[in-house]
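Peer 1: Got a structure for you, written out below as structure tokens; questions coming shortly.
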Amino acid sequence: MHAVSPAKEFPSSHITKTAQQGILFESNTGDLHLDEHLGYIRNADWASTSLGPLESWPQDLIQLCQISLLDPDPRSLILGPDRILFYNEAYSELCGDRHPHALGQNVIEAWGEVAQDLISGPLETAERTRRRVQVEDQPLVYLRNGFLERVYVRWTIVPLAGYAQGVYVSLTDSTETMLAEKRRAAIRALNTAWNVLQDPLTFWQSIPQSLALDPFLFPFAFLYTASSDPDSEYCIDTSPEPTQTMRFKLEGAVGSSEITSHLPGELDPGHFELLSDLIDPILFRSNETPKPTWSLSAQDCLLCPISSNRSQKVIAYLFLGIDPKRPYNDAYREWMNEFTRCLSNAVTSALQSEEQARNQRRRAAAVASEQHLLVTALADRDKEVVAVNEELQRTLEVVDMANVGVFNYDLEGRLIYANDAFSKMTACPPEMMHEKELVFLDLTYPEDTEYLMPKWKCATSGQSCTFEMRYRGPKNEGLWVLAAVVPVLKDGIVTSVSGCVTNIQDTKLRETESAQRLQALERAKAWEQRFANFAELAPVAIFFGSQSHHHLSYCNRAWFEITGHPVVAFEQIDWSMIVYEEDLELVRSMWTEVIAANKAVSTQFRLRRRWSDGNGVVIGPVWVTASVLPEYKEDGSIKGIIGTMLDISALKFAETVQHMKAQEALEAKRQSSNFIDMVSHEIRNPLSAVFHCADAAQDTLADMLDLASRLASTPKSESGNQLRELIANAVDSINTIISCTQHQKGIVDDILVLSKLDSNLLQITPSAVKVTALLRDVEKMFEAEAQRSNVQLQTQAHPSLEELNVSWAMLDPGRVQQVLINLLTNAIKFCKKKQLRKVTIRAGASRIRPSENVLPDIDFVVAHSLHDSVYDSAEFESHSFYLWFTVEDTGRGMSAEEKTRIFARFSQGSARTETEYGGSGLGLFISRELSELQGGEIGVASTLDVGSTFAFFVKTHHTDAPASTKGLPIQLKQKLKKSSADINILVVEDNAVNQKVLRKQLTNHAYTVAVADNGLDCLDYLRTTKHWRGNPSSAPPLSVILMDIEMPKMNGLEATKMIRQYEKEGKLMGHIPIIAVSANARQEQTNMALEAGMDDSIAKPFRIPDLVPKIERLAGWM
């Protein structure tokens, strides 16, 4: 028994009290039954359960209860840790006497012993696995309607999702369906058992035994059959005998011994009058008083009178026990009526067989009597006539013994006389021959009519003839006979046609089988010859072998050509001469495995013969593929083996060449990838230093400008004004440097991405991303640039995100951001010269492709190529949707002609665009490629001098938040800020220039900075900090590590793994945040850094304002 969890309060964090709370349980519906059930619900003691009083139930639970109450089928809820039962009005009918006390009770207490199987089985499984559980036709026995009743129930148990603890149970009462099927099966089984029995005595004795097949359907049964005066024969067609002469004796009984052991051998004659008037089954209840003296059962009993279909006379009484755990209803009564009809049919069949046997005996006696009278009447005739009659009698007896049919037809073709053998051959009962005028064609096979008519004319014209013909047969299948027909003459005139027929069906069958065997033999010989011709002409080697010694009994011409074996007699063939020495054992094991395992085996091996290509160059040994299977004898034992062999040397050579080409291609791809990474690293590293120096100079000049402004405010300070003007010019120059460097970085990024696209090296790496966070990141990235350009930048989340419940999605954030960066860069650039400068970013979601009427104003570009995308996998087929973005600006807009060119490689809207706004013409082309790689499309809607709206979408699917964010404590999620003076940073960088500049910039932000040249120096420094176990608290602290990736001695990935290992071993206390700082900017390289244990990453070149938020966020965790 599954232990029930201790009761505790039902979750109430989601309770929303409204004016409608509890109205379901406090008002009447107008439905009397439902209102009565609602009254039971209101009166139940819910307050003592974990659910609490009704008025405190959550709105979601109220709605769920309302759905179940309005359902016409039985539905229930098992809620809370104490498994409290709630059910609707239809369910109460299944509860029986437990209703309404079961409402608000623990399901075990409510159902008692019936709940044992439910708790230990389906319910426990559903609670443990949180999956739907179905139970088909489970039998239950419980007190209902005042007695123990057996019912069959189909359960569907569905765990409730969300905060609610419990399950939703759907029930279907399948009792009537199950009982109907069991009863139909019983009728079929009884019919099968009864119909094969033709002897009445055996039939009566078999009835009680056949009813023992199912104790639920027939708890007990006993049969009394009629026994008439022993001096008279009982026949179903005779009139009923006087009741005083009829006795009913016990034929057999099945059931418990306490019932069957006390049954009388005969029914009490005093109750015969009561029994003889019965026609339909009658039920005797066990509690009826007074009971008949012949009713010995302590259970309900059904009395079934049995009569044949051809007579209303009752010839037997069958007493059947009623299932005590099922009510005797209309379905039960109808089934018993059908049972009685089937039994009566079987009785009729058995008695008819007995009646036919009696009729044959009577006819035989009648014939004997007639013959005796005939002999007596003709006794006075002369001896010659007597001798003829005696000879005729002997002939007829011989004919009957020889199973020869004798017939006599008049000239009209009507049958005058036929013996029993003729009746059997024609499948026409004797009584039918006497009752109906049969013409000889009525009994013959229909297809033989044209053949028989000339024979009949020949006989009626006075000529005898012998021929073969067919009668219809018992199943109209045709019975072959040999017929000898002789005309009967009187005074030289044909008066009738007599003859005899002999059954030659077996002979005909043997002739047919012999002909078929002969034809099969001829076909086999023909196929054997065809196979021999085919084998000799086939390009595939075919061979037959013995079970042992690896000897061949046959091989075709192709075998000798492929193997190079000299053409010799089969018994002289030696496998060791042709198989490559190293593969000889493989061939032997293949042969042995086919015989031992009795299965087909295929393998590839080499031959000693050498193979050369089309130019005559010898490449190596010949390769063949062989398929071998057992050959069987007629008795099923293994005779030997059959095999085929095909030369695959050319295929093997092609595979070798293909493998070499594939290795060369992989190596070229690897070198290309390395080259791209090297170029990216070498370009980004100096750019990073330029960025940092420009930022430092900008900060310094800004301070100087502030100082100069204060000097210039002093009266008569012309030098201060000049100094302020010079510094302002320098600041403007620094801004130009930063702008140009950013432009250079964008061009380099576009070229590298374009190179990866051309080399098929660009990969999409989906990860869990929060959509709103992605929007915030992009907005923050362009916030400074928008302020410098005096552009109003806005981000909006479309309502469709909330409608589709989109929070976290699986996509490649880097590639999506890259498209947004390209679109935002263009939008800000084209707004600079407009009076109204506004850029709006929107994000939304759609179940269908947004190009299909979701964004109707956007002209999407048709995908110009098909890409193998990760978004085509099975993972993205389930729970998938489309995430779309739009970037709307108030810039110069475009004409229709310009819109047709902007997404092409190295192309811009017009020559004026390139002259006035600059650019490489790659950004929108790359954006298009990235969108299509992610299963989406890109498009634009634009009006000249009004503005443009660019839109793109990607395919994605719902996902949960990553475990790293779920598991963070609330204190860490709040990211408590530290002051800059409390943050200690270790810069691990092998480039001296970058190291020096970055250290200076971080120091200017009031950070305490230490440096290390590589991973080994970083580990050495960690051993001196207070985080190293055993060091004093006065040792240097450490808040964040900025870790380069590519370094000598020990790279950043190795160093990070060692740091995380030290933390697991307890050598390092706490968790030290690490930010990857590298020129390796590919997403897969970033993922490698995160997998190694780093907490965040930033790609070179970067600006200090982009790095500072990451430092302060991670330093707040220490």
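Just so we're aligned: 121 in the UniProt record's numbering is position 121 of the sequence shown, and the numbers increase by one with no gaps anywhere. Beta carbons are placed, not taken as given, at the ideal position from N, Cα and C, and that holds for glycine.
1) Would a check of beta-carbon distances place A992 closer than 9 Å to chain D?
2) If you check the beta carbons only, do T772 and S800 fall under 9 Å apart?
3) Using the rule of at least 16 other Cβ atoms within 10 Å of the residue's Cβ for burial, across every protein chain shown, is N88 buried or exposed?
4) Quick check on R183: buried or exposed, where buried means 16 or more other Cβ atoms within 10 Å of its Cβ?
5) Rounded to the nearest angstrom, what separates M178 and Y152 at their Cα positions?
6) Beta-carbon within less than 7 Å of K1110's beta-carbon, same chain only, minus the 5 sequence neighbours each way: which residues are those?
7) Less than 8 Å between C-beta atoms, sequence neighbours within five positions excluded: which residues of the same chain meet that for R132?
8) According to DSSP, is Y471 part of a helix, a strand, or is it coil?
9) Return the CA-CA distance between P621 and R815, expressed in angstroms with no decimal places.
10) Could you give the DSSP three-state label for V1108: helix, strand or coil?
11) Report the residue from R1103, G893, W575 and C428 whose alpha carbon sits nearest the alpha carbon of L1002.
12) For the alpha helix (DSSP H) that N1004 lies in, which residues bound it at each end?
13) With the cut-off set at 9 Å, would you say V839 and Q796 are in Cβ contact?
14) Mapping DSSP to helix, strand and coil, what is S589?
15) Excluding the 5 residues flanking A7 on each side, which residues of the same chain have their C-beta closer than 8 Å to its C-beta?
16) Which same chain residues, not among the five before or five after S174, have their C-beta less than 7 Å away from its C-beta?
17) If we count the other Cβ atoms within 10 Å of its Cβ and call it buried at 16 or more, is P1101 buried or exposed?
18) With respect to the beta strand (DSSP E) encompassing K424, which residues constitute its N-terminal and C-terminal limits?
19) How long is the line joining the alpha carbons of A768 and Y882, rounded to whole angstroms?
20) Does the pairing of the stretch 206–215 with the stretch 246–261 give three or more beta-carbon distances under 8 Å?
21) Looking only at its chain, what residues have a beta carbon closer than 8 Å to the beta carbon of S602, apart from the 5 residues adjacent to it on each side?
22) Tell me whether the stretch 552–572 and the stretch 603–611 touch, counting them as touching only if at least three CB pairs, one residue from each stretch, are closer than 8 Å.
23) How far does the alpha helix (DSSP H) with S931 in it reach, from first residue to last?
24) Buried or exposed for Y632, please, with buried defined as at least 16 other CB atoms from any protein chain shown within 10 angstroms of its CB.
25) What whole-angstrom Cβ distance do S1039 and N1004 have, given they're in contact under 8 Å?
26) According to DSSP, what are the bridge partners of R517?
27) Would DSSP call F220 helix, strand or coil?
28) Please name the residue or residues paired with G499 in a DSSP beta bridge.
29) When you compare only the Cα positions, how much space is there between H262 and N359?
30) According to DSSP, simplified to helix, strand and coil, what is P139?
31) For K661, is the classification buried or exposed, using 16 other Cβ atoms within 10 angstroms of its Cβ as the cut-off for buried?
32) Taking the straight line between their C-alpha atoms, what separation do you get for V488 and S461?
33) What did DSSP end up calling R837 once you bin it into helix, strand or coil?
34) Using only the alpha-carbon positions, how far apart do P630 and F560 sit?
35) Classify R912: buried if its beta carbon has 16 or more other beta carbons within 10 angstroms, exposed otherwise.
36) From which residue to which residue does the alpha helix (DSSP H) around V816 run?
Peer 2: Based on what the coordinates show:
1) The structure shown has no chain D; it contains just one protein chain.
2) No, the pair does not count as a contact, with Cβ atoms beyond the cut-off.
3) Counting other Cβ atoms within 10 Å of its Cβ, N88 reaches 16 or more and is therefore classed as buried.
4) buried
5) Cα-Cα distance, rounded: 7 Å.
6) Only residues of its own chain outside the window of five on either side were considered, and among them I1075, D1096 and I1098 have a CB closer than 7 Å to the CB of K1110, listed in chain order.
7) A126, T156, I157, V158 and P159
8) strand
9) 52 Å
10) helix
11) Residue R1103 is the option with its Cα nearest to L1002.
12) A992 to N1004
13) no
14) In the structure shown, S589 sits in a helix (DSSP, three-state: H, G or I).
15) With a pLDDT of 39 at A7, under the threshold of 50, the predicted position of this residue should be treated as unreliable, though the coordinate-derived value follows. Correct list, in chain order: T49, S50, G80, P81 and D82.
16) Apart from sequence neighbours up to five positions away, the residues of its chain that approach S174 with a beta-carbon distance below 7 Å are D137, Y152, V153 and R154, ordered along the chain.
17) buried
18) It is not in any beta strand (DSSP E) - K424 instead sits in the alpha helix (DSSP H) that spans D420 to T426.
19) Using only the alpha carbons, I get a separation of about 15 Å.
20) yes
21) T625, A626, S627 and V628
22) Taking 8 Å as the limit for Cβ pairs, the verdict is that the stretch 603–611 does touch the stretch 552–572.
23) G923 to L933
24) By the neighbour-count definition (other C-beta atoms within 10 Å, threshold 16), Y632 is an exposed residue.
25) Not quite, the Cβ-Cβ distance comes to about 17 Å (not below 8 Å), so this is no contact.
26) In the DSSP output, where bridge partners are listed per residue, R517 has none listed.
27) coil
28) F407 and V485
29) 40 Å
30) strand
31) exposed
32) 11 Å
33) coil
34) Answer to the nearest angstrom: the Cα atoms are 22 Å apart.
35) Any reading at R912 is ruled out, since the residue's pLDDT is 48, under 50, leaving its predicted position unreliable.
36) Residues P813 to C831.
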